[in-house]
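Take a look at the structure set out below.
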Amino acid sequence: MAVVYLFFLLLSVFLLFKRNSRGREVKLPPGPSQFPIVGNLRELREVTHRSLRSLSKKYGSSLVFLKLGRRPLLVVSSADMAREVMKTLDLHFCNRPSFLAHSKFTYNRLDVGFSEYGPRWRELRKISIIELLTAKRVRSFSSIRREKVAEMIRAISASSSASVDLSKMFLALANDVVLGAAFGKSFREEERYLQTKLHTAMDETRILMSDFFFTDYFPEQLGWVFDVLTGRYARLKKTCAEMDSFLEKIIQEHLDRRNPEQEDFVDVMLRLNRDRHLTREEVKGLFMNILIGGTDTSTAVLEWTMTELMKNPAAMAKAQRELRTAVRGKHQVEEDDLPCFEFLNAVIKETMRLYPPAPVLIPRETTHPIDIAGYEIPPKTTVFVNAFAIGRDPEIWPDPEEFVPERFEKSPVDYRGRDFGLIPFGAGRRGCPGIDFGMTALQLPLANLLYCFDWELPEGMSREELDRDESYGIIVKRKNPLRLVPKKSIHMQKF
173 MAVVYLFFLL
183 LSVFLLFKRN
193 SRGREVKLPP
203 GPSQFPIVGN
213 LRELREVTHR
223 SLRSLSKKYG
233 SSLVFLKLGR
243 RPLLVVSSAD
253 MAREVMKTLD
263 LHFCNRPSFL
273 AHSKFTYNRL
283 DVGFSEYGPR
293 WRELRKISII
303 ELLTAKRVRS
313 FSSIRREKVA
323 EMIRAISASS
333 SASVDLSKMF
343 LALANDVVLG
353 AAFGKSFREE
363 ERYLQTKLHT
373 AMDETRILMS
383 DFFFTDYFPE
393 QLGWVFDVLT
403 GRYARLKKTC
413 AEMDSFLEKI
423 IQEHLDRRNP
433 EQEDFVDVML
443 RLNRDRHLTR
453 EEVKGLFMNI
463 LIGGTDTSTA
473 VLEWTMTELM
483 KNPAAMAKAQ
493 RELRTAVRGK
503 HQVEEDDLPC
513 FEFLNAVIKE
523 TMRLYPPAPV
533 LIPRETTHPI
543 DIAGYEIPPK
553 TTVFVNAFAI
563 GRDPEIWPDP
573 EEFVPERFEK
583 SPVDYRGRDF
593 GLIPFGAGRR
603 GCPGIDFGMT
613 ALQLPLANLL
623 YCFDWELPEG
633 MSREELDRDE
643 SYGIIVKRKN
653 PLRLVPKKSI
663 HMQKF
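Take 173 as the starting number for the sequence shown in my numbering and just add one per residue.
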């Protein structure tokens, strides 16, 4: 606590010596009064997407303006304003603000997700779309997904009637699928220690990318001092070194081998490293996007989907009936079957409406002063698009707090950034390029979980007692592990 008091004392002295120049008053969107030094940081004490939604309701505006320390912030909470930001005025809102942890983990933003808008970003995004994440390449990894899903189903089957920690299984599955596709990596028994060490480093990376760093909100030198004094900077530096060591090891393994049977992401990137002059840091920055974005998104959606299906047994039964009718006689659901399942896809859309994996989309930043809805937004303003608030907007969605997958049956609304009421993957220039990879990685395990098993809550727990508590982070998962009891379906008992 003494460190925090000292920080604000030094910052106050700094501000006393800083000349305050006043220009003309600009017309900003409504927002709460700002406290000296900290601005509106106190407004975000609860889970960010919920507190921002509350502010939007309080001020009766889909645009709210705040100040987080020294950082101006525009919060967007309606589909109409999201369309303005991500489509009509996309070019003016397409930059990314700099955050310390994001920059460190992506080699000073040499990536697609967090880099500044410009020619190099356009080149890296082009590489991602036409080389790494094409539909053909996503299909080429189908054997990895099939194998890892089958391993998960076997592990659940072996658990007898005991409850299983699905949250843990979903994360392990996502890690294995991404490592297999990205690095061609399947850990041997003697490498389990390395696997555990990597997973620990990845968990720490996720935490740090969502953590509070003084440097991000206060004058840089003072902020850095307090990040050092509180131990945050040392923790960040240590984890970055661990992740870099792993990436270097993988790259070297690929450089040492010849003529792989199947190209993984590393093989593609190393080929491009030669042909298109990618730097080593750009290769590793792109890998960090794949590692973090490719695992957390599918894990979160699977957790929330199973949570809502357990709380809504009629929807669970309907999804299982669809699967078991269409796939009758098979050992498990295959990827070729997935387009047939209209209701299952409606279930996934409804889950992402209620629980977009990143409830506040990756922040944008204004490139210069811009007018929107009659307001003047300053340059270098950080922009939060609240996909959570948009997904629960009663002006778009009847009964917005209820889980009703039927609303998406026979509906043309999709999640690819064309319908701004449902934007779990963003939209426009900064929309996620890995939608197909991510969706296949969650559709296949979900279909097999519902096809192969009937599910019950642990003994003594009612549906009402199954919580919906949320974790804190860029990607919002369940706060508490999801433990359920599997019972083999009649279809599984035949095998």
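The beta-carbon is built from N, C-alpha and C at its ideal position, and this holds for glycine as well.
Inter-residue CB distance, residue i and residue j (contact presumed, cutoff 8 Å)
i: I607; j: F597; result: 5 Å
i: A273; j: D375; result: Not really, about 14 Å apart at Cβ, beyond 8 Å.
i: Y279; j: G457; result: 5 Å
i: V349; j: R655; result: Not confirmed; about 22 Å, so no contact.
i: R297; j: V284; result: 5 Å
i: L305; j: F609; result: 6 Å
i: V198; j: R536; result: Wrong, their Cβ atoms sit about 19 Å apart, outside the cutoff.
i: L240; j: G203; result: So it is not a contact: roughly 11 Å between Cβ atoms.
i: V455; j: M478; result: Wrong, their Cβ atoms sit about 36 Å apart, outside the cutoff.
i: I422; j: F313; result: Contact flag wrong, Cβ pair sits at about 16 Å.
i: V248; j: S233; result: Not really, about 10 Å apart at Cβ, beyond 8 Å.
i: E288; j: R294; result: Not quite, the Cβ-Cβ distance comes to about 11 Å (not below 8 Å), so this is no contact.
i: F513; j: A619; result: 7 Å
i: A353; j: I595; result: Rounded, the Cβ-Cβ distance is 25 Å, inconsistent with contact.
i: F560; j: P531; result: 4 Å
i: F580; j: E628; result: At roughly 27 Å, the Cβ-Cβ gap does not stay under 8 Å, so F580 and E628 are not in contact.
i: M415; j: A346; result: Their Cβ separation, rounded to whole angstroms, is 17 Å, which puts M415 and A346 out of contact at 8 Å.
Opposing strand residues paired with residue i [DSSP bridges]
i: T554; result: L245, E537
i: R650; result: E642
i: W627; result: P658
i: F207; result: G211
i: I542; result: I549
i: V532; result: N558
i: D608; result: Answer is none; D608 lacks a bridge partner.
i: N267; result: E537
i: D337; result: R655
Best match in the options for proximity to residue i [C-alpha to C-alpha]
i: F286; options: L533, R429, W476; result: L533
i: E507; options: T553, V321, K483; result: V321
i: P528; options: S661, T411, I647, V585; result: I647
i: S634; options: E574, L614, V657; result: V657
i: I544; options: L227, D252, L216, K230; result: D252
i: I568; options: R525, S339, T477; result: R525
i: R318; options: M258, D509, R500, R268; result: D509
i: D639; options: F418, L481, R214; result: L481
i: I209; options: H540, V519, S223, F390; result: F390
i: N445; options: R255, I299, R243, K229; result: I299
i: Y231; options: G356, S205, A491; result: S205
i: K660; options: R579, F560, R500, I325; result: I325
i: R588; options: F580, G600, P577; result: G600
i: G645; options: M381, Y405, F385; result: M381
i: R377; options: K409, A353, E574, T387; result: According to the sequence as given, residue 377 is Thr; it is not Arg. Cα-wise, what sits closest to T377 is K409.
i: L343; options: T471, H371, T260; result: T471
i: D641; options: R222, L216, E215; result: R222
i: G290; options: F271, S275, H264; result: H264
i: S270; options: H503, D416, T554; result: T554
i: D428; options: Q434, D439, F418; result: D439
The beta strand (DSSP E) enclosing residue i, as first and last residue numbers
i: F237; result: 235–240
i: K660; result: 655–660
i: D436; result: Neither: D436 is in no beta strand (DSSP E) and is coded neither H nor E.
Limits of the alpha helix (DSSP H) - the one that residue i falls within
i: Y547; result: First-last for Y547: 547–549, but that is the beta strand (DSSP E), not the alpha helix (DSSP H).
i: N517; result: 514–526
i: K199; result: That residue, K199, is in no alpha helix (DSSP H); it is neither H nor E in DSSP.
i: V321; result: 314–329
i: H274; result: 272–277
i: T451; result: It is not in any alpha helix (DSSP H) - T451 carries neither H nor E in the DSSP assignment.
i: Q424; result: 404–428
i: S382; result: Run containing S382: none; DSSP gives neither H nor E here.
i: H221; result: 220–231
i: G395; result: 392–401
i: E573; result: That residue, E573, is in no alpha helix (DSSP H); it is neither H nor E in DSSP.
i: M488; result: 485–498
i: E296; result: Note that residue 296 corresponds to Leu in the displayed sequence, not to Glu. Counting along the chain, the alpha helix (DSSP H) containing L296 begins and ends at 291–299.
i: R588; result: Run containing R588: none; DSSP gives neither H nor E here.
i: M253; result: 251–255
Original post:
Do three or more CB pairs link the stretch 384–404 to the stretch 457–474 at distances below 8 Å?
Top reply: Under the three-pair Cβ rule at 8 Å, the stretch 384–404 does not count as touching the stretch 457–474.
**OP:** Check whether the stretch 617–628 touches the stretch 577–591, taking contact to mean three or more Cβ pairs, one atom from each stretch, closer than 8 Å.
**Re:** Between the stretch 617–628 and the stretch 577–591 there are fewer than three C-beta pairs closer than 8 Å, too few to call the two in contact.
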